[in-house]
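Residue numbers (my numbering): 1 to 91.
Every residue gets a Cβ at the ideal spot worked out from N, C-alpha and C, and that includes glycine.
Each remark here refers to the structure printed beneath this line.
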């Protein structure tokens, strides 16, 4: 039963409308953003959104929803964010 609970907490969704609007559920944090890149943390992984004139219109921290507008070129999942200096030195 614990496995089901963990799976449910890791579910997220991405809805893209005409490559101009994107709604993402299950976001843990916003790592960084500018008009060409938005980097989100979703389930301890990076989600990089690339585009032009990107704007974060709304963030709901309670539900983990993020609403973005702009010309969306790509979405790319990556590794978890880098850890601190000591954890990298003492692998």
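Cβ neighbour criterion (16 or more within 10 Å) applied to residue i
i: residue 70; result: buried
i: residue 15; result: exposed
i: residue 93; result: Given a span of 1 to 91 for the chain in the structure shown, any question on residue 93 remains unanswerable.
i: residue 78; result: exposed
Span of the beta strand (DSSP E) around residue i
i: residue 57; result: 45-60
i: residue 64; result: Residue 64 -> no beta strand (DSSP E), and no H or E assigned at all.
i: residue 31; result: 27-33
i: residue 37; result: 37-42
According to DSSP, residues forming a beta bridge with residue i
i: residue 11; result: Beta-bridge pairing links residue 11 to no other residue.
i: residue 74; result: 50
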